[in-house]
Structure formats: C-alpha cells, structure tokens
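In the numbering used here, the protein residues as written are 32 to 527.
One structure is given below, encoded as structure tokens.
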Amino acid sequence: MRTLSALLLLACTLAAHPMGNFSISHYSRIETAPGRSRILYVLDFAELPTFELLQSWGLAVSGATAAGIRERAEAEAPKWIANLAVKQNGLAVAPRMSRVSVKVDDGAGGMPVLMVTMEADIALRPGTVDYEDRNFAERPGWKEIVITASAGAAVTAASPPGADRSKALSSYPAVPAAAAPRDVRASFAWKQTSLPASAGVRDSGGAVAAASPDAGGLSRGDFLSRLLSRRDLGWGMMLAALAAAFGLGAMHALSPGHGKTIVAAYLVGSRGTPRHALFLGAMVTFTHTASVFLLGLAVLFFERRVQPEKIIPVLGALSGVSILALGGWLLYRRIESLAMTGATTQCHHHRHGHHHHHHHGLGPGFVHTHSHGGIKHSHVIPEGGVSLPGLAALGVSGGLAPCPSALILMLSAIGIGRTAFGMGLLVAFSAGLALVLTAVGLAVIFAKDHLPASSSWRDGPAARLVPVLSALVVMALGGIMTLGALGWIRPLSLFA
Numbered sequence: 032m033r034t035l036s037a038l039l040l041l042a043c044t045l046a047a048h049p050m051g052n053f054s055i056s057h058y059s060r061i062e063t064a065p066g067r068s069r070i071l072y073v074l075d076f077a078e079l080p081t082f083e084l085l086q087s088w089g090l091a092v093s094g095a096t097a098a099g100i101r102e103r104a105e106a107e108a109p110k111w112i113a114n115l116a117v118k119q120n121g122l123a124v125a126p127r128m129s130r131v132s133v134k135v136d137d138g139a140g141g142m143p144v145l146m147v148t149m150e151a152d153i154a155l156r157p158g159t160v161d162y163e164d165r166n167f168a169e170r171p172g173w174k175e176i177v178i179t180a181s182a183g184a185a186v187t188a189a190s191p192p193g194a195d196r197s198k199a200l201s202s203y204p205a206v207p208a209a210a211a212p213r214d215v216r217a218s219f220a221w222k223q224t225s226l227p228a229s230a231g232v233r234d235s236g237g238a239v240a241a242a243s244p245d246a247g248g249l250s251r252g253d254f255l256s257r258l259l260s261r262r263d264l265g266w267g268m269m270l271a272a273l274a275a276a277f278g279l280g281a282m283h284a285l286s287p288g289h290g291k292t293i294v295a296a297y298l299v300g301s302r303g304t305p306r307h308a309l310f311l312g313a314m315v316t317f318t319h320t321a322s323v324f325l326l327g328l329a330v331l332f333f334e335r336r337v338q339p340e341k342i343i344p345v346l347g348a349l350s351g352v353s354i355l356a357l358g359g360w361l362l363y364r365r366i367e368s369l370a371m372t373g374a375t376t377q378c379h380h381h382r383h384g385h386h387h388h389h390h391h392g393l394g395p396g397f398v399h400t401h402s403h404g405g406i407k408h409s410h411v412i413p414e415g416g417v418s419l420p421g422l423a424a425l426g427v428s429g430g431l432a433p434c435p436s437a438l439i440l441m442l443s444a445i446g447i448g449r450t451a452f453g454m455g456l457l458v459a460f461s462a463g464l465a466l467v468l469t470a471v472g473l474a475v476i477f478a479k480d481h482l483p484a485s486s487s488w489r490d491g492p493a494a495r496l497v498p499v500l501s502a503l504v505v506m507a508l509g510g511i512m513t514l515g516a517l518g519w520i521r522p523l524s525l526f527a
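The following block contains the structure:
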C-alpha cells in the first residue's frame, strides 16, 4: 500500500504538457539575412491532437511505432511549411523546406506525443514583410512568433515585438496557460547593414522549466501512464491502475472548479440527509462517466469533425446555466417560504390569559408551535426541502463537463485494444471525483446538525436568512461557471 501511495504521489508531481492535453503549440522564428533568410518552425502536438493525426494517417495507436510516426510526420512537414504565408512588399514569397526532425515521446496515459521541428529557406529583400501561420489556427496552444536578424541585417520594426520566451517550445513561463501568446500573424521591416547583427528581440530571461500539473491531472511519465503503455497488463497491474485512477479522480476533485462550494451551498440551506449526499455522488459518477464515454466515441468515429477542446467549454457553460437556473428556483422557493413564515410570526409583548408550552434544545427541522385563543402559529427556519429532481439536476450539472484527464485515460485504453479496461478506469476516475463531492455533502450535513439548537438562534434573523443566502451563492457560482466556461472571465480558486 505504501508503494502504491508513493506512486500516486509521483503521478501528481511529474510535469505534464504545460498547455494541456488538447493543445497544438506553434513557434516561428524568422531570421533575416542578406541573400537568404531562414524560418525555424516548430509544432508541438499534445496527446489528443497526436491521436487525431494518427487516425487521419490510418495508424492505430496500439500498432504505431515511433519510426512509422516519424515517417508520416516527415511526409506531412512540407504541407505545414506551405501553409506559412509570407508576403514581401505585398507579393507572395514561398518558403522552401530544407530540414525536418521529428521527436516522438510517451505522453499522459501512455499516448504518444509529437514535436516536429522544421527549417525553411526564403528569399527576402530588405523592406516590409507580412507573415501568417495558417496551420491549426483554431486549436489552443502556445503561439509565438520571433523576429531576429543575422550578421549584415537589422530589424527596424516588428509587430508583435515579443521576446523569445519559450526557446522554441523547450521551456515556458511559470504559468504558461495564463501568459501564452496567441500570435499567428506578424509584420516587420528590415534592412541590410554592414554593422553587427541587430536582433529585433532579446532574451527575456524569464523562462523556466514546464510548470507542474494541477492536482489530479494526468501527466507524462507518471505511474498510470507507464502502466497504460505496457501491453502485458496482468490482473495485479490492472487493479493497481484502477486504484490509481480512483485516486486521480479524487485529487482532481480537490483542485479548484469542481463543484465543492456549490454542493455545500445547496445542502447548507436544505434539510439534507446522508442519503441525499450519497445520491448526489452517484449522479455525478453516472453523468461524468456517460459524458466522457460519449465524447470519446465521437472523437473515435468522427475524427477531426469533433474537437473536444471546443465541446467541453460548451458543456461547461450548459452546466453553469443549469446551476444558475437551479439557484434561481431555490431562491424563489425560499423567499416564498420566508414570507409565509414571517406573515404568521407575531410579537408577544402583551398580556394574555393562555398558556405557552415551549420545547427547547430540539434539533434541526423541529417546528415550534403554540396557540393564542385557539389560533396556532409556528417559529421555524424556512429551510428548503431537498427534492430529488433538484438534487438530480445538481448531480447532472456537476458531472456534465468531462475532465480532459478522464478522456485521455479512456482513449489510451481503447488505443491499446482494452476498451472494457478503459471503461473501468473511467468509472474509477468518476467515482473518485464523486467521493470528494459526497464527502463535502456529508461534512455540511454533519456540521448543520451541530448548529445551536436554542429557540433564540432558530428564531433569529441570521438563521432565517441562511437558506436564502445559500440559494444566492448557488446562483452566483452558476453564473461564474458559465462566464468562465465561455472564456469571458478567469474564475478565482475561491469558487472551487
């Protein structure tokens, strides 16, 4: 067990692809020179784009060799160079590829990843040059263009004027996704000179090794990835992989943005029970498993027509809108309940000849009633009841957006011909994710049972407002999830 725990810890500390499993990163360096200029062009394909490339080339992940992948990538490289549009003073100039090198590595989940480095010669005269990278423009990733000059040339103007930040995609800033350039076009002017080379950019000095992955993120070279790259998995290794996937899902849920605050806000204002928390966990497991499985099948059968990096944000937005609507419905019900309770609550600073019988120290949900001359009324916190449709909606919303790591797990297992094993890994990952959400729900319910039970607390304004405030929190988090999924804001880790 200690060995397995150490391996799970290792899975969270080794470096993953800094731009994510769906990314294609670009790097262009144009070096001007008298007579002949050069373009260094690098494409870095993460796990899923490499998977899609292999499919389009007719190569199966399980049977593809590094030599076979290199051969196909070398054949494709001239097309990628041809998609670099260069204009000199308004006239098209075609670059000619002179050299290509291909590097194939094992990525997350044992899937291959591909980096292609190309060099091209181009005849540029002094003057204005326009450059456009037309390869995979719609895919996310690091997109950097660097303009520089060799001896006998000088760059007089460049837009964008950025520094060489990634060293040809070999190193990135500490938080690459937050600071990634998105440059696919550049314009610059250069001239011949007898002076030493005058580079248009200088080293920023700020690049460091690739950042560590988020907690629970599937990373290259980790325990689970090494297991999936093996072809001789026995029962012991398969059970270890299932345990690792379960732990991976649980750790993934502990990272920001997986609905823990929403679950807590929902249950704190409701009369939730442990059974409700378990039901919520089961719904999250089922929905997340189904969403990843369906998206994985779409990627397998529809190839490039289905792009998960575009579908997942849409599902995230749908999840956020659903939670926003659920919060609005809760708010309406709880304000209505609060108004009805307030209408029947009276102040008792008057003399009357009848008897009050109070029950003190009773637990949550107790309705304190008494009568005045045959008229009964009550003092009770207007908690919203937990409806199974509302709880199911919360569970579906929590599991609707697939986690990229889970998708990579399933595709990797399918790629090595172990579809059933891939489904098992997916269920284990989703169960780990749901375990954390269930534990949060149980903790909230336990904490509520230990709130002050005195009538002064339960009849006080703070206790009466708790259900309403919790509904407002659910609405706010649903709105933040929606805007974050659409890329309009960057949600804070506070709203985990």
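All residues carry an ideal CB built from backbone N, CA and C; glycine is no exception.
Legend entry - A459 versus G426 - alpha carbon distance: 17 Å
Legend entry - Rounded separation between V232 and R60 - CA only: Because V232 sits at a pLDDT of 44, beneath the cut-off of 50, its placement in the model cannot be relied upon, and the following sentence gives the value as read from the coordinates. Cα-Cα distance, rounded: 11 Å.
Legend entry - Length of the line joining the Cα atoms of A217 and I178: 9 Å
Inset, instruction - Report buried or exposed for V499, applying the criterion of at least 16 other Cβ atoms within 10 angstroms of its Cβ. - result: It is buried - the Cβ of V499 has at least 16 other Cβ atoms within 10 Å.
Inset, instruction - Could you work out which residue in G510, E163 and I354 is closest to Y297 when comparing CA atoms only? - result: I354
Inset, instruction - Give the range of the beta strand (DSSP E) segment to which K110 is assigned. - result: Where K110 is concerned, there is no enclosing beta strand (DSSP E), although the alpha helix (DSSP H) it sits in stretches over A97 to A113.
Legend entry - L79 and L440 closer than 9 Å at C-beta: no
Legend entry - Whole-angstrom distance between Y58 and D555, CA atom to CA atom: A query on residue 555 cannot be resolved here, the shown segment of the chain reaching from 32 to 527 and no further.
Inset, instruction - Using the Cα positions of G509 and A308, report the straight-line distance between them to the nearest angstrom. - result: 20 Å
Inset, instruction - Determine the extent of the beta strand (DSSP E) in which I178 is found, giving its start and end residues. - result: K174 to A180
Inset, instruction - Answer yes if the stretch 105-125 comes into contact with the stretch 140-151, meaning at least three C-beta pairs across the two stretches below 8 Å, and no otherwise. - result: yes
Inset, instruction - Verify the CB distance criterion: does D195 have a CB-CB separation below 9 Å to chain D? - result: In the structure shown, chain D does not exist; there is a single protein chain.
Legend entry - Local conformation of D304 per DSSP, three classes: What sits at residue 304 in the sequence shown is Thr, not Asp. T304 falls in the coil class under three-state DSSP.
Inset, instruction - Spell out a yes or no on whether the stretch 134-146 and the stretch 176-190 are touching, meaning 3 or more CB-CB pairs, one atom from each, closer than 8 Å. - result: no
Legend entry - Assigned exposure category for I176 - 16 Cβ within 10 Å defines buried: Result: buried.
Inset, instruction - Give the single residue among T81, F167 and A116 whose Cα lies nearest to the Cα of R103. - result: T81
Legend entry - K479 in three-state terms, based on DSSP: helix
Inset, instruction - If I'm right that G265 touches I476 with Cβ under 8 Å, what's the distance once you round it to whole angstroms? - result: At roughly 42 Å, the Cβ-Cβ gap does not stay under 8 Å, so G265 and I476 are not in contact.
Inset, instruction - Could you spell out the range, first to last residue, of the beta strand (DSSP E) harbouring G153? - result: Per the sequence shown, residue 153 should be read as Ile rather than Gly. Element bounds for I153: P143 to I153.
Inset, instruction - Please find out if some non-hydrogen atom of the ligand SAM comes closer than 8 Å to the beta-carbon of G351. - result: Here there are no bound small molecules, and the ligand SAM is not part of this structure.
Inset, instruction - Starting from I445, follow the alpha helix (DSSP H) in both directions and report where the run begins and ends. - result: P435 to G446
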